[in-house]
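Colleague: FYI, numbering that gives the first Met the number 0 numbers position 110 of the sequence shown as 109, with every residue one higher than the one before it.
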Amino acid sequence: MTGSLLVDNIGELVTNVAGEGEGGPLGIRHHAAVLVEAGRVAWIGPTRYAPAADRRIDAEGAAVLPGFVDSHAHLVFAGDRAAEFAARMSGQPYTGGGIRTTVGATRAASDDELRATVRRLRVEAMRQGTTTIEIKSGYGLTVADEARSLRIATEFTEETTFLGAHVVPAEYADRPDDYVGMVCGPMLAAAAPYARWIDVFCERGAFDVDHARAILACGQAVGLGVRLHANQLGPGPGVQLGVELGAASVDHCTHLTDADIEALASTATEDGGTATVATLLPGAEFSTRSPYPDARRLLDAGVTVALATDCNPGSSYTSSMPFCLALAVREMRMTPAEAVWAATAGGAAALRRDDIGRLRPGAPADLMILDAPSHLHLAYRPGVPLIRQVLHNGVPQCRP
Ligand code: NIG
Ligand code: FE
């Protein structure tokens, strides 16, 4: 779409540019307008001084926020595990064992079937305000199936993550060292051209700390950034391994010791955040009926926190960032403002991106217009479809 676009009559504009207007890190302006040119924010100011534009969207006093940055999602899969969810809700624990069920279904699916699922979930997420999404492999677990999962993921996002070390597949069950060798060798070689990141599920029953370190180091050696699944099902060494390797993010962080939090806090940077972000995934605790992580402990220690969906067919089959944000406020001791920041600028930090998650001149015009006067309503009105319109690179997306 060409030509300029003006979004005006914005009652409350969250910029995430600290020091702009009110609201501390949220940088809130009132009675604002945003001019979009060539897919980017060209100007932000008061509605009454807004320049003329080719087209106009009247926000009618509503709130406008940066698009959500969902920095953790597993969208390339086939089948679902609704029966496993029902069993959990009748008292069965979550162990991650169901991952192999999805691996079987994913291997049996055609490229077009996998692509259709990713497209469906990407559209679902966009309708709920997500303008950037990270997509992992991890349900193929053969050289060919991991490479095709990532190839399909690249059709939908630049933020692709190689998760060949999700679990040891059944055919390698009695020789995990051989599987790790394969992940670091031919699988990484086939996956790396399609991946920006490497990830490992570092957990009892998945990969131990030595295997995780070896795999992540191989990925780093070929230029992939590090992120990992850590401390989800119990305490463990994953978070501290992430800090040791300079990970952009350690994800889940459900079971943290004081030493884990100190390790994360030790990655403090000059901008007041931490180089390693703690990405919290409350959809997983919801769907596995597990205790939620305590975001307050992390925030009070100065650790940068991101919120993401973990969208996957096993532990968190939601693509909804508003749902995760509401859970974080209700269950994880985050304020509504902290949760909004974590779901936007926090996700950007977890992906080491400074171009997204904030609205300022030069940034991609990724934003959402709410059917509400304030960002507070995202947590205050849970389960309500509050996203009126989404712009991605300045282009209006389909309405819900
Ligand atoms: O992040 N924890 C590991 N991986 C996913 C769950 C995958 C599954 O159960 O299929 C997660 O929760
Ligand atoms: Fe995950």
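Where is the CB? At the ideal position from N, CA and C, for every residue including glycine.
Model, not experiment: these values are computed from the prediction.
#1: Reducing DSSP to helix, strand and coil, say where residue 302 ends up.
#2: Considering only the alpha carbon of each residue, which of 56, 2, 20 lies closest to residue 369?
#3: Suppose you measure from the CA of residue 268 to the CA of residue 301; what does that come to, to the nearest Å?
#4: Would you kindly work out how many angstroms separate the C-alpha atoms of residue 59 and residue 9, rounded to a whole number?
#5: Cutting at 7 Å between CB atoms, please list the residues of its own chain near residue 127, excluding the five before and the five after it.
#6: Would a C-beta distance cut-off of 7 Å place residue 374 and residue 64 closer than the cut-off?
#7: Between the C-alpha atoms of residue 292 and residue 331, what's the straight-line distance to the nearest angstrom?
#8: Measuring straight from C-alpha to C-alpha, what distance separates residue 197 and residue 246?
#9: Tell me which residues share the same chain as residue 52 and place their Cβ nearer than 7 Å to its Cβ, disregarding the 5 neighbours each side in the sequence.
#10: Measuring from the CB of residue 53, is there a heavy atom of the ligand FE at a distance below 6 Å?
#11: Is any heavy atom in the ligand FE found nearer than 6 Å to the beta carbon of residue 69?
#12: Can you determine whether any heavy atom of the ligand FE sits closer than 6 Å to the C-beta of residue 309, and answer yes or no?
#13: Under 7 Å, do residue 341 and residue 304 count as touching if we go by C-beta distance?
#14: Run through DSSP, which three-state label would residue 55 get?
#15: What first and last residue would you give for the beta strand (DSSP E) that runs through residue 390?
#16: What are the partner residues of residue 323, as DSSP defines its beta bridges?
#17: Going by the C-beta, is residue 314 closer than 6 Å to any heavy atom of the ligand NIG?
#18: Measuring CA to CA, which of 214, 23, 137 is closest to residue 95?
#19: Would residue 22 and residue 14 be called neighbours here (beta carbons separated by less than 7 Å)?
#20: On the CB-based measure, 16 or more other CB atoms within 10 Å of its CB, does residue 202 come out buried or exposed?
#21: Which two residues bound the contiguous beta strand (DSSP E) that contains residue 368?
#22: Between which residues of its own chain and residue 399 is the CB-CB distance below 6 Å, once the five residues before and five after are set aside?
#23: Find out if the Cβ-Cβ distance for the pair residue 312, residue 79 is shorter than 7 Å.
#24: On a Cα-Cα basis, can you pick out the residue from 389, 372, 382, 380 that is closest to residue 29?
#25: Do residue 86 and the ligand NIG come close, with the Cβ less than 6 Å from some heavy atom?
#26: Between the alpha carbons of residue 171 and residue 61, how many angstroms are there, rounded?
#27: Determine whether the beta carbon atoms of residue 72 and residue 132 lie at a separation below 7 Å.
#28: Do you know offhand how far residue 90's Cα is from residue 325's?
Modeller: Once the coordinates are examined:
#1: coil
#2: 56
#3: 10 Å
#4: 7 Å
#5: 318, 319, 320, 321, 386
#6: yes
#7: 6 Å
#8: 10 Å
#9: 3, 4, 5, 34
#10: no
#11: no
#12: yes
#13: yes
#14: strand
#15: 386-391
#16: Answer is none; residue 323 lacks a bridge partner.
#17: yes
#18: 137
#19: no
#20: buried
#21: 366-369
#22: Caution applies to residue 399, whose pLDDT of 44 falls short of 50 and renders its modelled position unreliable; the model cannot decide the point.
#23: yes
#24: 372
#25: no
#26: 54 Å
#27: yes
#28: 25 Å
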